[in-house]
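Trainee:
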Amino acid sequence: MAQTLYDKLWDAHLVEQRDDGTSLIYIDRHLIHEVTSAQAFEGLSLAGRAPWRKSANLAVPDHNVSTLQTERAGGLAALPDPVSRIQLQTLDDNCETFGIAEIPLSDIRQGIVHVIGPEQGAVLPGMTVVCGDSHTSTHGALGALAHGIGTSEVEHVLATQCLIQKKMKNFKVEVSGRLEAGVSAKDLALAIIGRIGTAGGTGYALEFTGDAVKALTMEGRMTLCNMAIEAGARCGLVAVDEVTLEYARGKPLAPKESQWAAAEAWWRTLRSDDGAHFDRAIEIEGSAVKAQVSWGTSPEMVASVDGHVPRLSEMPDETARQGLKRALDYMGLDEGMPITDIQPDAIFIGSCTNSRIEDLREAAAVLKGRRVSSRIKKALVVPGSGVVKAQAEAEGLDQIFLDAGMEWREPGCSMCLAMNADRLNPGERCASTSNRNFEGRQGSGGRTHLVSPAMAAAAAVMGRFASVDAVGAVSPVTAGGE
Amino acid sequence: MQAFTQHDGLVAPMDRANVDTDLMIPKQFLKSIKRSGFGPNLFDELRYLDEGVPDADNSSRPLNPDFPLNFPRYQNASILLARENFGCGSSREHAAWALADDGFCCVIAPSFADIFRSNAFKNGILPIEFSSEQMDVLFAMMYETEGFRLAVDLVAQVVTLPNGDAWSFEVDAFRRDCLLQGLDDVGITLQSTEAIRAFEEIHARRFPWLFEDLVL
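Protein chains in written order, with the numbering used here: chain A, 1 to 482; chain S, 1001 to 1216.
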């Protein structure tokens, strides 16, 4: 029978199917970070249990780390925030106690868990991958079954190498044709969420397919799958193809030469069969997708850059009207105003959504030779890992950002969730390449507009949201005013 | 885990759609390495007028008088009424911990986000789904009647309203059993140790590269 990619991955990891509709699913890779693991390790200790298979786990600190070189130079012990220090130290201690491999803060390979996993080859096609973080959906870009879990499940995976799951339904998002120049995977992700809503994917595994998806690089596919959770889907998926194989080849933890052929043979089967059944499917014309800007407090509240903030009269019912009213009030925006009239105070380029080398190249291409507008109060570029940072520096991207007047930071989650000192002040408005525009997400009272790296760079130069083309019309010599 | 069989409790509103887990427990509280004590910080940014900090005394902080959960009539509520897509966003189980710590053991909404639903069950919180129309009725009754209570019976899978109407609800059979008996998942799964070992052996032969030592 014809199977979807999700069906195949599920079947390959099915340990036990039970009469009550649940199944036991085997987990190949468990990624761990400091924020959602301490209580799980404590649970393990209290029950006198040991990790089922140590080598299935890889830990890295990322959410709660300082991104300032000066603060990190002295190591963990010198970090200024004592509460964060304890949490980071607890991760180190737990990894030591339980014999789990950790990339420590001082290691050049340290970075955001969803960046370093694929980068190190710790995540490979065909794997089941979990992590106590909802953006684990990112790894579906490699044709892996990957989703976020809560801390109780972190403990469960540590103790049993399995998860109790109910099989999800299949949802196909087919993007035909090609994305236009200046439109990236982030814009596509936001446009899809805008169309199906933040609960549109609830209960589904979301497979992205079609020529426009196949044309994406691995980084672009990761951005797309990363945002699947913002559509309510615990996991996003992209079929394995040459792009995937090329990416996996040569990664530090990739299969050895002697195992590669067998791995490749299995990986090449990781695509949905012709005629496979999807419970839901939508089609999107790639060329119709425009650069997006979120205007509200939910990732489904998006408009194209040439569009406008919705009007109350356009809402279908009272709940929607109340929701819009609350969002406009929080965001300090007027109904119906053009997106290009919105002026950010801050720029954030980073996060597990958009901090990979290609994202930085995309932003740098817009910023090259230009200056950040004088009305921008802070502009951070936070690479996703030490490896990304080194690559960017080798290409001279860091200098482009610095010359533009931006800060070039150390790797971490940073202002995506503002657990560390990188945050917005109340009322501040940010053009952000992150994934969530919830109230207070980037700092209490902060206002987030989700955009692609190119759009964040364009907003930085123009001091308001603008298409990348509009920046192009401003010559590098004269740009930067307002 | 605390077992859940029957519960009769005061009902309080969280009357908006897409309540995300960032709103339920803001990031600064995620620095804690404990599982308990999050209750006073549930909906922190809505509940207080100042900005919350971890490990602080919350009892002297200025309360937001406009936030319903601060109204005298909703004090000691244990059942929360909510709207679509409750618990969306971050996988932080701290959201469920905060709800439980603040005394809630049941959330009733038209729909829940997947990860939150799972986290809720694992912390003795029963998520119940009723249609949007049913929710409108419940909200209206609750706003009209001070001291509005509901009786939740997980054994019979019904919620009984003050007027005697009994509304049945669906719940996943496995999750229901776990809640009724207060069972934790790890203990249940470890009963399948042999099956896991047997699977693992076959899996390792088929995909040997997955079982290499992870050497950094």
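All C-beta atoms, glycine included, are put in the ideal place defined by N, C-alpha and C. A quick note: this is a predicted structure, and the numbers were derived from the prediction, not measured.
For the structure I just gave you, are there three or more beta carbon pairs, one from the stretch 1114-1125 of chain S and one from the stretch 1075-1090 of chain S, closer than 8 Å?
Mentor: Enough Cβ pairs lie closer than 8 Å, so yes.
Trainee: Report yes if the C-beta distance between residue 1020 of chain S and residue 438 of chain A is below 7 Å; otherwise report no.
Mentor: Yes; because the gap between Cβ atoms is below 7 Å, this pair is in contact.
Trainee: Would you mind stating whether residue 1138 of chain S and residue 1104 of chain S have Cβ atoms separated by less than 7 Å?
Mentor: No, these two residues do not count as a Cβ contact at 7 Å.
Trainee: By the 8 Å beta-carbon criterion, what residues does the stretch 1042-1054 of chain S contribute toward chain A?
Mentor: Listed by position along the chain: 1045, 1051, 1054.
Trainee: Beta-carbon of residue 1130 of chain S versus every beta-carbon of chain D: anything under 7 Å?
Mentor: In summary, chain D is missing from the structure at hand, where the protein chains are A and S.
Trainee: Quick test of your reading: residue 130 of chain A and residue 149 of chain A, contact by CB under 8 Å. State the CB separation rounded to the nearest angstrom.
Mentor: The pair is a contact, with the Cβ atoms about 5 Å apart (cut-off 8 Å).
Trainee: Verify the CB distance criterion: does residue 1119 of chain S have a CB-CB separation below 7 Å to chain A?
Mentor: So yes, residue 1119 of chain S belongs to the interface.
Trainee: Pull up the distance between the alpha-carbon of residue 208 of chain A and that of residue 236 of chain A, whole angstroms please.
Mentor: Approximately 7 Å, taken between the alpha carbons.
Trainee: Hey, out of S/1201, S/1013, S/1210, whose CA is closest to residue 122 of chain A's CA?
Mentor: It is S/1210.
Trainee: Can you tell me which of the three DSSP states residue 445 of chain A falls into?
Mentor: If DSSP states are grouped into helix, strand and coil, residue 445 of chain A belongs with coil.
Trainee: Cα separation between residue 147 of chain A and residue 224 of chain A?
Mentor: Their backbone Cα atoms lie some 14 Å apart in a straight line.
Trainee: At what residues does the beta strand (DSSP E) containing residue 1101 of chain S begin and finish?
Mentor: Premise fails: residue 1101 of chain S lies in the alpha helix (DSSP H), 1094-1101, not in any beta strand (DSSP E).
Trainee: Taking the straight line between their C-alpha atoms, what separation do you get for residue 339 of chain A and residue 114 of chain A?
Mentor: Between residue 339 of chain A and residue 114 of chain A, the C-alpha separation is close to 31 Å.
Trainee: Threshold first: 4 residues or longer. Then list the alpha helix (DSSP H) segments lying entirely within the stretch 1027-1054 of chain S, N to C.
Mentor: Segments of the alpha helix (DSSP H) lying fully in the stretch 1027-1054 of chain S: 1044-1047.
Trainee: Starting from residue 247 of chain A, find everything on chain S with Cβ-Cβ shorter than 8 Å and list it in chain order.
Mentor: Result: empty, since nearest Cβ-Cβ is about 16 Å, beyond 8 Å.
Trainee: Can the beta-carbon of residue 310 of chain A be found closer than 7 Å to that of residue 158 of chain A?
Mentor: Against a cut-off of 7 Å, the Cβ pair of residue 158 of chain A and residue 310 of chain A comes out as no contact.
Trainee: Pick from S/1070, S/1102, S/1059, S/1214: whose alpha carbon is nearest that of residue 1036 of chain S?
Mentor: For the residues S/1070, S/1102, S/1059, S/1214, the minimum Cα distance to residue 1036 of chain S belongs to S/1102.
Trainee: Does any residue of chain S have a CB that is nearer than 7 Å to the CB of residue 258 of chain A?
Mentor: For residue 258 of chain A, the answer is no, since every Cβ of chain S falls outside 7 Å of its Cβ.
Trainee: Do you know how far the Cα of residue 136 of chain A is from the Cα of residue 305 of chain A?
Mentor: Computed Cα separation, rounded: 29 Å.
Trainee: So what does DSSP say about residue 1158 of chain S, is it helix, strand or coil?
Mentor: Residue 1158 of chain S: strand per DSSP, three-state reduction.
Trainee: Thinking residue 1124 of chain S and residue 1002 of chain S are a contact (beta carbons under 8 Å), I'd like their distance in whole angstroms, please.
Mentor: With a Cβ gap of about 4 Å, residue 1124 of chain S and residue 1002 of chain S count as contacting.
Trainee: Residue range of the beta strand (DSSP E) that residue 1086 of chain S falls in?
Mentor: Residue 1086 of chain S -> no beta strand (DSSP E), and no H or E assigned at all.
Trainee: Which first and last residues belong to the beta strand (DSSP E) in which residue 1013 of chain S is found?
Mentor: Element bounds for residue 1013 of chain S: 1006-1014.
Trainee: Where does residue 1153 of chain S fall in DSSP's three states?
Mentor: Correct three-state label for residue 1153 of chain S: strand.
Trainee: Count the CB pairs spanning the stretch 287-303 of chain A and the stretch 442-459 of chain A that are closer than 8 Å, and state whether there are at least three.
Mentor: Yes, since at least three Cβ pairs between the stretch 287-303 of chain A and the stretch 442-459 of chain A fall closer than 8 Å, the two stretches touch.
Trainee: In angstroms with no decimal places, state the Cα-to-Cα distance between residue 337 of chain A and residue 116 of chain A.
Mentor: C-alpha separation (whole angstroms): 40 Å.
Trainee: Could you give the DSSP three-state label for residue 480 of chain A: helix, strand or coil?
Mentor: With a pLDDT of 44 at residue 480 of chain A, under the threshold of 50, the modelled position of this residue cannot be trusted; read the value that follows with caution. In the structure shown, residue 480 of chain A sits in coil (DSSP, three-state: anything other than H, G, I, E or B).
Trainee: Tell me the DSSP secondary structure of residue 209 of chain A in three-state form.
Mentor: Residue 209 of chain A falls in the strand class under three-state DSSP.
Trainee: Give me the DSSP bridge partner(s) of residue 204 of chain A.
Mentor: Answer is A/169.
Trainee: At a CB distance below 9 Å, what residues from the stretch 1012-1026 of chain S approach chain A? Give them in sequence order.
Mentor: Against chain A - using a Cβ distance shorter than 9 Å - the residues of the stretch 1012-1026 of chain S are 1015, 1016, 1017, 1018, 1020, 1021, 1022, 1023, 1026.
Trainee: Hey, would you say residue 357 of chain A sits closer than 7 Å to residue 391 of chain A, going by beta carbons?
Mentor: Cβ distance < 7 Å, so residue 357 of chain A and residue 391 of chain A count as in contact.
Trainee: Does chain S have any CB closer than 7 Å to the CB of residue 524 of chain A?
Mentor: Residue coverage of chain A in this structure runs from 1 to 482, which leaves residue 524 of chain A outside it and unanswerable.
Trainee: What residues in its chain sit with their C-beta under 6 Å from that of residue 197 of chain A, if we drop five residues either side in the sequence?
Mentor: So the list reads 300, once near-sequence residues are dropped.
Trainee: Shorter than 7 Å from the beta carbon of residue 88 of chain A to some beta carbon of chain S?
Mentor: Closer than 7 Å: no.
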